[in-house]
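Visitor: Quick note on numbering: the numbering used here labels position 237 of the sequence shown as 294, and the sequence is numbered without any gaps. C-beta: ideal position from N, C-alpha, C; glycine also. Predicted, not measured: the structure shown is a model, and the values here were computed from it. Have a look at the structure that comes next, please.
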Amino acid sequence: MQDRVIRASACPHDCPSTCALEVEVLEGRRIGAVHGAAANSYTAGVICAKVARYAERIHHPDRLTRPLLRDGPKWSGRFRPIGWDQALDLLAGKFSEATSSHGAASVWPYYFAGTMGLLQRDGINRLRHVMGYARQRNTICSSIAEAGWTAGAGRTHGVDAREMAESDLIVVWGGNPVATQVNAMTHIARARKQRGATLVVVDPYRSGTAAAADLHLALRPGTDAALACAVMHVAFRDGHADHAYMARYTDCPDRLQAHLAARDPAWAAAITGLPVAQIEEFARLYGTTQRSFLRLGYGFSRSRNGAAALHAVSCLPAVTGAWQHRGGGALWSNRQIYHWDKTLIEGLDARDPAVRELDMSRIGAVLTGERTALAGGPPVQAMLIQNTNPATVAPDTNRVRRGLSREDLFVAVHEQFMTETAQLADLVLPATMFLEHDDLYQAGGHSHLQIGPKLIDPPGECRSNHDLLCALAARLGARHRGFEMTAMEIIDATLAASGWPDAATVQQRRWIDAQPEFRAAHFLDGFGHADGRFHFAPDWSRIGPDHAGMPSLPDQMAAIDTVSEAHPFRLVTAPARQFLNTSFTESAIGRKREGRPTALVHPADADRLGLAEGARIVLGNAQGEVVLHLRRFDGLQPGVVVVESVWPNAAFEGGVGINALTSDDPAPPAGGAVFHDTAVWLRACAAIAPATLAAE
Ligand SMILES: Nc1nc2c(c(=O)[nH]1)N[C@H]1C(S)=C(S)[C@@H](COP(=O)(O)OP(=O)(O)OC[C@H]3O[C@@H](n4cnc5c(=O)[nH]c(N)nc54)[C@H](O)[C@@H]3O)O[C@H]1N2
Ligand SMILES: Nc1nc2c(c(=O)[nH]1)N[C@H]1C(S)=C(S)[C@@H](COP(=O)(O)OP(=O)(O)OC[C@H]3O[C@@H](n4cnc5c(=O)[nH]c(N)nc54)[C@H](O)[C@@H]3O)O[C@H]1N2
Ligand code: SF4
Ligand SMILES: [Mo]
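Encoded structure:
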């Protein structure tokens, strides 16, 4: 009989669910099925299909298993295997060369959240700080939403996600949990079954979540603040605003009421494209339900006006006083409840705030030498990239790929697969997956911290991020006690420094529930600002430098990429269900289920342009052109196009992927990528010439 044991772990992927996992380990070497832990009150036994079949990913024949050195021109895709010692000597040598020729700030350790493990993800910062390498602003995902949330609430946490089960109205605003964090649906389903709760979804297209909702508000992209203002207008108009709550807990309710007087449903209808009656219906529902839970997604923050929009929406429960009630209030992320001391992991004791800081979302501008993007520092000459695939996921990818192809730039990519970023590298290093190394995890969408221990050996010569960084540090002479410790020792020390039980206890208990108690979670002892109040009138200047033109009270901010005769469509690049960013695009099953890169286009637009189902089309703007196929879809407004993402560039005919069209304009006030804020043209494409389209 086969030796089969069930071991505990946590999902490392960049997903708010951070599921508690039970992994079948076979013969101590391979994994079988992966299940969600039934005993975890948030995971509740459910995980997504892509992680349930993780054996496909971890035992994939295309896993990188040996260091590879480029053996031909960039873009040639030719590599030859080399040994680790040679690879690390080369990398250390290139970092030292760049430091002597252009200064330490010309080395850019570039990373993101391909693993959410606190050590394997953020350990690269220890090397950065000790060596004085360029600092990085992490703007590609949550900086816009965080700015918007902090502006009002002042502190990043919210109501316990499990409380959704006790709500009478759940509003999923700008998120698609059916695809992006399936567990939220478990708790929503409980409320619907046990309490007859209503589910409302605010999303420009009929996503999987919208299709399951009682009411779907399919607004124009980037118009959420207008909808929020109208809902608040109706609350004041119809006597559903809680004046006693506002007097105690908010900064300027009278100013807000006066400001909203002109922002009625008719005003919002003209901006959002929604019928007045639908806005009235939603406003009445929201205003008259005490137990109303706002689950804010990231989607509507990924616009130039995203911080203002998120702030405007977050004002709703402060107007109705929903925060006071069980099952009422809002949650964007719980990231601030864990009180980590990350000094050891990130080498914060060595951090020099004077070193220039680069905006990761503007990697194309940085690598092609745009002056403002270089933040007063030298050109970037050498990079180590971990846990991210910027050649596909970063905005303005044509420019990113041009930058990565610079002959005078040395790029090492530490990866699990030969991603499109790895293909452009000089040196490719094989990385472990989460079941092959130790790490520590926190959840954004709920409240558990967990340890995911090493359960099996990696294939071939894969090394963990931590092991690679320690070996590189030794060659560079980078000194920090974190480089002398094992992964589990750092996890243990970090838990202790942060006031949590030690690693052995956490593992034995399987998880720690860090959820603050009711009053704190609902901000009933005050919001996160010095005055303890929710701010309807935020001080944007405290949040980011680029605050000019931001609304002083919740309002529609006209900063978005507006449609014109030349660019008549608004493009939304919503996440695909089977992929997670570009992770899982290596899965044959996932690819088959997703089909091919597809543009969802309203039938009225398709008819007007004479485009049939399946037609080959081009989407374009000043940055580039992308070829894909059309699907007629009536779950969005005319003038809106949705392309579920992120497909590899190579999956598109012509080899140019969707982020060729998205802009790296930083969103005010603190930066951030505006993935769902793009005006494009659309036309039929009879035949394509791959050579011209792919030419870089
Ligand atoms: N058009 C469009 N573009 C988008 C978005 C969108 O909605 N639309 N979303 C954006 C968002 S929110 C994000 S967060 C970014 C994310 O984009 P990426 O950062 O590229 O995201 P992932 O696919 O999660 O992970 C990247 C890589 O990390 C690798 N990896 C995983 N674990 C490890 C490890 O332990 N060690 C090493 N060395 N590598 C590892 C994986 O193999 C994977 O290739 O994409 C952004 N791009
Ligand atoms: N299957 C899958 N799961 C994922 C990911 C994935 O790529 N695939 N990515 C992971 C990552 S890195 C993250 S950050 C999270 C993000 O997960 P979510 O919070 O769900 O956010 P988004 O991915 O940006 O987009 C969610 C929805 O926002 C909608 N949206 C776009 N523009 C607007 C707008 O202007 N207004 C409104 N109201 N809605 C808008 C989109 O149509 C989409 O349905 O998901 C994670 N989980
Ligand atoms: S739902 Fe998210 S956290 Fe859970 S297993 Fe899937 S990717 Fe991982
Ligand atoms: Mo993200």
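Taking residue 489 as the reference, give the member of 502, 471 and 636 with the closest Cα.
Guide: Residue 489 has its Cα closest to that of 471, out of 502, 471 and 636.
Visitor: Taking 8 Å as the cut-off, is the beta-carbon of residue 703 closer than that to any non-hydrogen atom of ligand 3?
Guide: No, ligand 3 has no heavy atom inside 8 Å of this Cβ.
Visitor: So, are the CB atoms of residue 662 and residue 360 less than 9 Å apart?
Guide: Result no, Cβ atoms of residue 662 and residue 360 do not sit closer than 9 Å.
Visitor: Assess contact between the region 160 to 170 and the region 539 to 551, defined as three or more Cβ pairs (one per stretch) separated by less than 8 Å. Is contact present?
Guide: Verdict: no, contact absent.
Visitor: Per DSSP, what kind of secondary structure is residue 271 in: helix, strand or coil?
Guide: In the structure shown, residue 271 sits in coil (DSSP, three-state: anything other than H, G, I, E or B).
Visitor: Can you look up residue 243 in the DSSP assignment and give me helix, strand or coil?
Guide: In this structure, residue 243 counts as helix in the three-state DSSP scheme.
Visitor: So, helix, strand or coil for residue 750, using DSSP?
Guide: At residue 750 the pLDDT is 41, less than 50, meaning the model places this residue with poor confidence; the figure from the coordinates comes in the next sentence. It is helical.
Visitor: Taking the alpha-carbon of residue 229 as reference, which of 173, 367 and 160 has the nearest alpha-carbon?
Guide: The shortest C-alpha separation from residue 229 is found at 367.
Visitor: Spatial neighbours of residue 750 within its chain, please: CB distance less than 6 Å, with the 5 preceding and 5 following residues excluded, ordered by chain position.
Guide: With a pLDDT of 41 at residue 750, under the threshold of 50, the predicted position of this residue should be treated as unreliable, though the coordinate-derived value follows. Counting only Cβ-Cβ distances below 6 Å, and skipping sequence neighbours, we find 711 and 713.
Visitor: Looking at the secondary structure, which residues open and close the alpha helix (DSSP H) in which residue 150 lies?
Guide: Note, residue 150: alpha helix (DSSP H), 141 to 159.
Visitor: Does the Cβ of residue 685 have 16 or more other Cβ atoms within 10 Å, making it buried, or fewer, making it exposed?
Guide: Burial call: buried.
Visitor: At 3 residues or longer, what runs of the beta strand (DSSP E) sit wholly inside the region 421 to 492?
Guide: Counting whole runs of 3 or more residues, the region 421 to 492 contains the beta strand (DSSP E) stretches 439 to 443, 467 to 472 and 484 to 487.
Visitor: With burial defined as no fewer than 16 other Cβ atoms inside 10 Å of the residue's Cβ, what is the status of residue 62: buried or exposed?
Guide: So residue 62 ends up on the exposed side.
Visitor: Skipping 5 residues on each side, what residues in its chain have a beta carbon closer than 8 Å to that of residue 671?
Guide: Excluding residues within five positions, the ones whose Cβ falls inside 8 Å are 686, 687 and 688.
Visitor: Using C-beta distances below 6 Å, list every residue in its chain close to residue 220, excluding the 5 sequence neighbours before and after it, in chain order.
Guide: Excluding sequence neighbours, residue 220 sits near 384.
Visitor: State the beta-bridge partners of residue 178 as determined by DSSP.
Guide: None, per the DSSP bridge assignment.
Visitor: Alpha carbons only, please: which of 242, 209 and 399 is nearest the one belonging to residue 550?
Guide: Here the closest residue by C-alpha is 399.
Visitor: Assign residue 737 to one of two classes, buried (16 or more other C-beta atoms within 10 Å of its C-beta) or exposed (fewer than that).
Guide: Its Cβ being crowded by 16 or more others within 10 Å, residue 737 is buried.
Visitor: Tell me which residues share the same chain as residue 641 and place their Cβ nearer than 8 Å to its Cβ, disregarding the 5 neighbours each side in the sequence.
Guide: 107, 114, 635 and 647.
Visitor: When every heavy atom of ligand 1 is checked, does at least one fall within less than 8 Å of the C-beta of residue 242?
Guide: False, no ligand heavy atom lies under 8 Å from that Cβ.
Visitor: Using 8 Å as the cut-off, classify the Cβ of residue 124 as near or not near the heavy atoms of ligand 1, replying yes or no.
Guide: No, the Cβ of residue 124 stays beyond 8 Å of every heavy atom of ligand 1.
Visitor: Excluding the 5 residues flanking residue 216 on each side, which residues of the same chain have their C-beta closer than 7 Å to its C-beta?
Guide: Within the same chain, residue 216 has close Cβ partners 350, 386, 387, 388, 578 and 579.
Visitor: Does the beta carbon of residue 450 fall short of 8 Å from some heavy atom of ligand 1?
Guide: Flag set: Cβ of residue 450 near ligand 1.
Visitor: Would you kindly report the start and end of the unbroken beta strand (DSSP E) that includes residue 641?
Guide: Where residue 641 is concerned, there is no enclosing beta strand (DSSP E), given that its DSSP letter is neither H nor E.
Visitor: Quick one, are the C-beta atoms of residue 466 and residue 439 less than 9 Å apart?
Guide: A contact, by the Cβ cut-off of 9 Å.
Visitor: Excluding the five sequence neighbours on either side, which residues of its own chain have a C-beta within less than 6 Å of the C-beta of residue 375, listed in chain order?
Guide: Within the same chain, residue 375 has close Cβ partners 307 and 591.
Visitor: When you compare the region 271 to 280 with the region 323 to 340, are there three or more beta-carbon pairs, one atom per stretch, that lie closer than 8 Å?
Guide: Output reads yes: the region 323 to 340 touches the region 271 to 280.
Visitor: Hey, is residue 107 close to ligand 2, as in C-beta under 8 Å from one of its heavy atoms?
Guide: Checking every heavy atom of ligand 2 against the Cβ of residue 107, one is found closer than 8 Å.
Visitor: Below 8 Å on the Cβ atoms is my contact criterion, and I expect residue 422 with residue 721 to pass it. Report the Cβ-Cβ distance as a whole number of Å.
Guide: Contact holds; Cβ gap of about 6 Å.
Visitor: Could you please give me the residues that DSSP links to residue 63 through a beta bridge?
Guide: In the DSSP output, where bridge partners are listed per residue, residue 63 has 81.
Visitor: For residue 762, which residues from the same chain have a beta carbon less than 8 Å from its beta carbon, with the 5 sequence-adjacent residues on both sides left out?
Guide: Outside the displayed range of the chain (58 to 753) lies residue 762, so it cannot be described from this structure.
Visitor: Shorter than 8 Å, the distance from the beta carbon of residue 637 to the closest heavy atom of ligand 1, or not?
Guide: For ligand 1, at least one heavy atom lies less than 8 Å from the Cβ of residue 637.
Visitor: Return the CA-CA distance between residue 679 and residue 718, expressed in angstroms with no decimal places.
Guide: Cα-Cα distance, rounded: 8 Å.
Visitor: Please determine whether the Cβ atom of residue 167 lies at a distance below 8 Å from any heavy atom of ligand 4.
Guide: It does not: the Cβ of residue 167 is nowhere closer than 8 Å to a heavy atom of ligand 4.
Visitor: Decide if the region 403 to 419 is in contact with the region 601 to 609; the criterion is three or more beta carbon pairs, one per stretch, under 8 Å apart.
Guide: No, the region 403 to 419 is not in contact with the region 601 to 609.
Visitor: Alpha carbon to alpha carbon, how far is residue 309 from residue 602?
Guide: Distance between the alpha carbons of residue 309 and residue 602 is about 24 Å.
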